[in-house]
Structure formats: structure tokens, C-alpha cells
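So the sequence shown is numbered by our numbering: it starts at 122 and just counts up by one.
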Amino acid sequence: MNPLLGWRLQHFVAIPSKDDWHRNYFQFLNKQKRREEFIQLFGETIGGLSYECTAHRKEGEDTYVLLNERGPWSMPITFLIDLGMKLPANTQSPNGHHATSVHVERRGRAPEPGPAPPPPAPRPAPPKPKSAAYGFTVGEHVVYPEHG
Numbered sequence: 122m123n124p125l126l127g128w129r130l131q132h133f134v135a136i137p138s139k140d141d142w143h144r145n146y147f148q149f150l151n152k153q154k155r156r157e158e159f160i161q162l163f164g165e166t167i168g169g170l171s172y173e174c175t176a177h178r179k180e181g182e183d184t185y186v187l188l189n190e191r192g193p194w195s196m197p198i199t200f201l202i203d204l205g206m207k208l209p210a211n212t213q214s215p216n217g218h219h220a221t222s223v224h225v226e227r228r229g230r231a232p233e234p235g236p237a238p239p240p241p242a243p244r245p246a247p248p249k250p251k252s253a254a255y256g257f258t259v260g261e262h263v264v265y266p267e268h269g
């Protein structure tokens with residue numbers, strides 16, 4: 122479930138990239154009429170903007186906390202990405218906006234795969250059967266004379 126659907130959007134600011142980061146700032150009033158802020162950061166790539174992370178802060182808090190894209194924040198994060206693409210204009214000026222001072226480290230690329238592991242060693246050959254006891258061989262039927 123997406124809690125943002127019941128909240129009221131107060132401000133939206135798209136802050137153009139000056140340091141290879143594009144930021145979308147959202148300010149909502151939650152159901153208790155308390156302010157909650159989100160800043161989404163997008164890195165610039167050759168193909169355009171690439172989503173990096175979402176920071177969140179509740180009214181009264183001094184710092185932003187990065188949200189985990191998995192779990193309960195997955196749907197609200199996707200909602201904010203879509204909303205940021207659809208909203209037509211800023212409600213505040215991006216010049217000097219406090220969201221420009223929120224920085225995160227760029228995610229590292231996935232490590233290159235190492236060399237392939239060596240193939241498993243061949244299985245040893247099964248041991249050769251020992252000679253059968255009492256002169257019998259494997260698979261032979263034994264009939265005891267006294268049992269018929």
C-alpha cells in the first residue's frame with residue numbers, strides 16, 4: 122500500500138544538475154498534518170538520468186535518511202519517480218534550495234566477474250570387486266542342497 126496517496130503535495134522542485142546530480146524535491150503533509158520531505162537523486166549518464174536513491178525527512182528531524190528500495194518503501198519510491206516525471210512546474214525556485222546541499226555517494230558499479238572456477242575433478246573409478254567368497258561370483262544363484 123502507498124501511504125503517499127492519502128497525503129497532500131505541498132511543494133515540488135526539480136533542481137537541475139550542477140554537480141552531476143539531478144534532484145526532485147517533494148514536500149507533503151501527511152494525514153496528521155505534519156510535513157514530510159523526500160529528495161530523489163538521479164545521476165547523469167550518457168543515456169540520460171539514472172535513479173540513484175531517495176532521501177526522506179520528517180518534520181522536526183535535522184537530517185535526511187536514505188530509504189531502502191526494497192520493502193515497504195518500494196511503492197512510494199516508484200510513485201515519486203513517476204510523479205516527478207509528470208509534474209509540470211516547480212512550486213519554489215530551485216536557486217539556493219536546501220535540497221542542493223543533500224549529497225550522497227554515487228553507487229559503485231557491480232564488480233567484474235572473476236575468472237571462471239576450474240571444472241570439478243573427475244570422479245575416481247569405482248573399486249574393482251574383490252573375488253567372491255567361497256568360489257561364487259556376483260550374480261550367481263546359490264542353491265543349498267539340504268534346502269532343496
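Don't be surprised by glycine CBs; every beta carbon is placed ideally from N, CA and C.
Burial state of Gln148, where buried means 16 or more other Cβ atoms lie within 10 Å: Flag for Gln148 reads buried.
* To do: Less than 8 angstroms between the CB atoms is what I'm expecting for Arg144 and Thr221, so what's the real figure, rounded?
  => 7 angstroms
Beta-carbon separation (whole angstroms), Ala176 vs Val223, contact threshold 8 angstroms:
About 6 angstroms separates the beta carbons of Ala176 and Val223, which is inside the 8 angstroms limit, making them a contact pair.
Hey, how far is the Cα of Pro239 from the Cα of Lys249?
-> Inter-residue distance for Pro239 and Lys249 is about 29 angstroms (C-alpha atoms, whole angstroms).
- Message: Between Ile136, Asp183, Gly164, which has its C-alpha nearest Cys174's C-alpha?
- Response: Gly164
Inset, instruction - Can you tell me which of Leu125, His132, Asp141, Leu208 puts its alpha carbon nearest to the alpha carbon of Ser171? - result: It is Asp141.
My output table needs one value for His218: the three-state DSSP class, helix, strand or coil. coil
Rounded to a whole number of angstroms, what is the C-alpha to C-alpha distance between Tyr146 and Pro137?
-> When rounded, the distance between both Cα atoms is 11 angstroms.
Proximity to Tyr160 [Cα-Cα], best of Lys154, Lys152, Val186: The question names Tyr, but residue 160 is Ile in the sequence shown. Closest option to Ile160, Cα to Cα, is Val186.
If you run the structure through DSSP and keep just helix, strand and coil, what is Ile160?
In this structure, Ile160 counts as strand in the three-state DSSP scheme.
_According to DSSP, simplified to helix, strand and coil, what is Thr199?_
helix
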